[in-house]
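Chemist:
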Amino acid sequence: MDRIPPEWRLSRRRKIKTWIFLTARVFVVPLLRLLIRFRIEGLEHVPRVGPALVAANHLHNADPVLIIAAFPRPVLFMAKRELFGVPVIRWFVRQSGAFPVDRGRPDRQALRHAERLLHEGMLVGIFPEGTRSVTGTLQPPHPGVGLLIRRNPSVPVLPVAIWGTEVLPFNGAKGRRPLRGWPRVTVRIGPPVTIALQAPEGRERSPEELADEVMLAVARLLPDQYRGVYRERLVREPSSLVGVPTGDPGRVG
262 MDRIPPEWRL
272 SRRRKIKTWI
282 FLTARVFVVP
292 LLRLLIRFRI
302 EGLEHVPRVG
312 PALVAANHLH
322 NADPVLIIAA
332 FPRPVLFMAK
342 RELFGVPVIR
352 WFVRQSGAFP
362 VDRGRPDRQA
372 LRHAERLLHE
382 GMLVGIFPEG
392 TRSVTGTLQP
402 PHPGVGLLIR
412 RNPSVPVLPV
422 AIWGTEVLPF
432 NGAKGRRPLR
442 GWPRVTVRIG
452 PPVTIALQAP
462 EGRERSPEEL
472 ADEVMLAVAR
482 LLPDQYRGVY
492 RERLVREPSS
502 LVGVPTGDPG
512 RVG
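According to our numbering, the sequence shown is numbered sequentially starting from 262.
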């Protein structure tokens, strides 16, 4: 414990919430395995302590809940501001540690809050696409995750791929894909990656370029049919990532 920086040590309130989270996870994960054949891959890539930016694709309303359940540490997600206007949902969202973000534009208040959480050694979750995919495949990201990386270059990015949720009900206006048989949902966690802030020729890369590299890391974890706009690029483009996964899914939780 003495080796953990003071700013990474959990407050009494966070220790209680973490204990509740870990206790609930003992019951929730087996239930999810029964209901949706829930599979978790790559748990060994999650750092025991310290900050990381958890970046994932987004198919369904349930994605943040399932990713939180998959992780052995709490993940504090950016959540669309509209959720905080619904009384009952607002309570649950806040209890999960989520914080509001305005979609479609750089929300500086949300970015500053995310930075503060990272400085405190927390896992911060973000969906770089900004919203659920209507096609079920990867879409181009917004630059917000790139801004966070530029301002916090020492914080590793944990790419996360989730699939199988697109067939689940209660997905609002985005609808659901046809379901054949019993649902099977997988969360795959990749090894931490470091995004190069400079291009090979030495210029500083834009937030859009950095966000694009994050999505490439997520795309590598997804089955081919979910890669969308990144499917062809994975074949022809070199990567500036450090620690890109080689295809081994790692330990299953």
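The C-beta atom is built at its ideal place from N, Cα and C for all residues, glycine as well.
Using DSSP with H/G/I as helix, E/B as strand and the rest coil, what is Glu268?
Modeler: It is helical.
Chemist: In the segment 403-449, which residue ranges form an unbroken beta strand (DSSP E) of at least 3 residues, counting only runs that do not cross its ends?
Modeler: You should have 418-424.
Chemist: With respect to the beta strand (DSSP E) encompassing Leu314, which residues constitute its N-terminal and C-terminal limits?
Modeler: Unbroken beta strand (DSSP E) run through Leu314: Ala313 to Ala317.
Chemist: With which residues is Glu465 paired in a DSSP beta bridge?
Modeler: Answer is Gln459, bridged to Glu465.
Chemist: Pull up the DSSP beta-bridge partners for Phe282, would you.
Modeler: Per DSSP, none; premise fails for Phe282.
Chemist: From the DSSP output, which residues share a beta bridge with Met339?
Modeler: Answer is Phe360, bridged to Met339.
Chemist: Is the beta carbon of Pro325 closer than 8 angstroms to that of Phe338?
Modeler: Yes, the pair counts as a contact, with Cβ atoms nearer than the cut-off.
Chemist: So which of Tyr491, Ser415 and Val406 has the shortest CA-CA distance to Ser467?
Modeler: Closest option to Ser467, Cα to Cα, is Val406.
Chemist: Report the option in Ser394, Val290 and Leu399 whose CA atom is closest to the CA atom of Gly489.
Modeler: Comparing Cα-Cα distances from Gly489 to each of Ser394, Val290 and Leu399, the minimum goes to Leu399.
Chemist: Using DSSP with H/G/I as helix, E/B as strand and the rest coil, what is Gly382?
Modeler: Coil.
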